[in-house]
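Below: one structure, written as structure tokens.
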Amino acid sequence: MIKVVGVVGAGTMGNGIAQVFVQAGFSVRLVDVAQPMLDRARGSIDKSLAKFVEKGKLSAADRDAALGRLTTATSIDELAAADYVVEAIVENPEAKRNLFQKLDALAKPGVILSSNTSSISITTLGAATRRPDKVLGMHFMNPVPLMTLVELIRGQATSAESMRVASELCTRLGKTAVEAADYPGFIANRVLMPMINEAVFAVMEGVGTPEAVDTVMKLGMNHPMGPLTLADFIGLDVCLAIMTVLHDGLGDPKYRPCPLLRRMVAAGHLGRKSGQGFYTY
Ligand SMILES: NC(=O)c1ccc[n+]([C@@H]2O[C@H](COP(=O)([O-])OP(=O)(O)OC[C@H]3O[C@@H](n4cnc5c(N)ncnc54)[C@H](O)[C@@H]3O)[C@@H](O)[C@H]2O)c1
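Those letters in the sequence shown? Residues 0 to 280, per numbering that gives the first Met the number 0, in order.
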């Protein structure tokens, strides 16, 4: 029975993941190397839950109870008590492999270690542990409290039982789980990122302005947000990193990152977070 969930990394994704678990009645231990990130995460969760209360979707008592189920710490030793772990630290293969090795040494034997990675091989993370059958991808979408999809990634050695447990957990969170195999980009980024990359090519080649490309996809294809607006939201550095993973991992030139995307990232034009991307913020 899963009661205590460990979440490692309290950034954009980690705080959202911690929030949905406490809202669903789990106790969460949120761990980050940086105390300021933990403080910020608590603030974000507080604010997000307040919005649910304002909209009448959550009672004040339930909000207080949810906040009471959240504890934070700067040491992963806290996760020895966890029944399930979600890792959401920086998208760096070396950092994640090191962490999985440590988590494996520390977590109880039956505990599933999941990763929120957007693009790193789950099989590789599993191979850093002595429990590769209990390592899987649990890819939440941003913003986590609002987006209902969770992509569950099955590594080469992940057991059917681990996938079943993760899928059930998604249902308890009110999310819809979709299973994907462990190939570069899984499903979400395999389909989304080449579309964004192609939109950047269209701008580079003068086929259309960013506004024109976004308007075509919004009004013509009924996308809620144009691909370049979405790229600015995700971060152009993140888009470039994912395209690089697709290109390296699949080897097909159709995945080559657009030179304009590279140039914008080199200039520090990363989208919303830097104030400048395809649009100015
Ligand atoms: N941002 C998105 O839209 C998005 C969407 C889906 C998946 N992801 C994936 O989620 C993960 C986290 O992304 P994010 O955007 O939340 O990153 P972020 O940079 O906002 O947060 C990462 C956090 O991890 C902490 N951290 C780094 N190393 C650590 C360690 N060894 N132990 C504990 N904490 C550590 C950092 O202090 C930071 O607070 C990445 O794997 C990313 O690919 C991101």
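Ideal placement from N, C-alpha and C gives every residue a C-beta, glycine not left out.
Within 7 Å, strictly: CB atoms of residue i and residue j
i	j	result
Asp236	Gly225	no
Ser47	Gln18	yes
Val4	Phe20	yes
Asn115	Phe99	no
Val30	Ala72	yes
Ile119	Ile152	no
Glu150	Val190	no
Ile294	Cys238	Because the chain is modelled from 0 through 280, residue 294 falls outside the range shown and cannot be assessed.
Met137	Ala165	yes
Asp132	Ser158	yes
Leu245	Gly184	yes
Thr128	Asp103	yes
Ser117	Asn14	no
Arg39	Val52	no
Ile16	Val85	yes
Alpha carbon of residue i to alpha carbon of residue j, nearest angstrom
i	j	result
Leu259	Asn91	24 Å
Ile281	Ala179	An answer regarding residue 281 cannot be provided, because it is not within the stretch 0 to 280 covered by the chain.
Gly219	Phe25	42 Å
Pro209	Pro223	15 Å
Gly154	Arg41	32 Å
Ser74	Leu105	12 Å
Gly270	Thr175	29 Å
Gly207	Val215	10 Å
Arg255	Arg96	26 Å
Leu124	Leu227	32 Å
Asp76	Val143	26 Å
Lys54	Lys272	28 Å
Gly274	Lys217	23 Å
Ala65	Val110	23 Å
Thr279	Ala266	14 Å
Met263	Lys107	45 Å
Arg163	Ala156	14 Å
Arg68	Lys101	25 Å
Ala49	Met242	37 Å
Leu168	Asp247	33 Å
Arg130	Arg261	38 Å
Lys2	Ala60	20 Å
Residue nearest to residue i in terms of C-alpha spacing, selected from the options
i	options	result
Asp82	Leu57, Met194 and Ser161	Ser161
Gly295	Leu29, Met192, Arg163 and Ala80	The structure shown does not extend to residue 295, since the chain is modelled only from 0 through 280, so no value can be given for it.
Leu112	Thr123, Val134 and Lys95	Val134
Asp45	Gln22, Gly136 and Gln34	Gln22
Gly10	Val27, Lys217 and Leu37	Leu37
Ala198	Gln34, Gly15 and Leu229	Leu229
Ala201	Phe277, Lys101 and Phe51	Phe277
Ala87	Leu69, Asp61, Thr70 and Val32	Val32
Gly173	Asn188, Arg163 and Leu148	Leu148
Met12	Asn141, Thr279, Met203 and Arg62	Asn141
Phe232	Ala79, Arg261, His268 and Ala80	His268
Residue range of the unbroken alpha helix (DSSP H) whose run includes residue i
i	result
Met242	Leu235 to Leu249
Glu160	Ala159 to Arg171
Met12	Thr11 to Gln22
Glu210	Pro209 to Thr214
Leu105	Pro92 to Leu105
Gly42	Gln34 to Glu53
Extent of the continuous beta strand (DSSP E) to which residue i belongs
i	result
Ile195	No beta strand (DSSP E) holds Ile195; the alpha helix (DSSP H) holding it covers Ala187 to Met203.
Ser113	Ile111 to Ser114
Arg153	Leu148 to Arg153
Ala281	Any answer about residue 281 is impossible in this case: the structure gives the chain only from 0 up to 280.
Thr123	Not the beta strand (DSSP E): Thr123 falls in the alpha helix (DSSP H), residues Ile121 to Ala126.
Gly5	Val3 to Val7
Val27	Ser26 to Val30
Ala265	From DSSP, Ala265 is part of no beta strand (DSSP E) but of the alpha helix (DSSP H) over Pro258 to Ala265.
Val85	Tyr83 to Glu86
Below-7 Å beta-carbon distance, residue i vs any chain C residue
i	result
Ile111	This model lacks chain C altogether; it includes just one protein chain.
Contact test: residue i Cβ vs ligand 2 heavy atom, cutoff 6 Å
i	result
Glu197	Absent from the structure shown: ligand 2. Ligands present: ligand 1.
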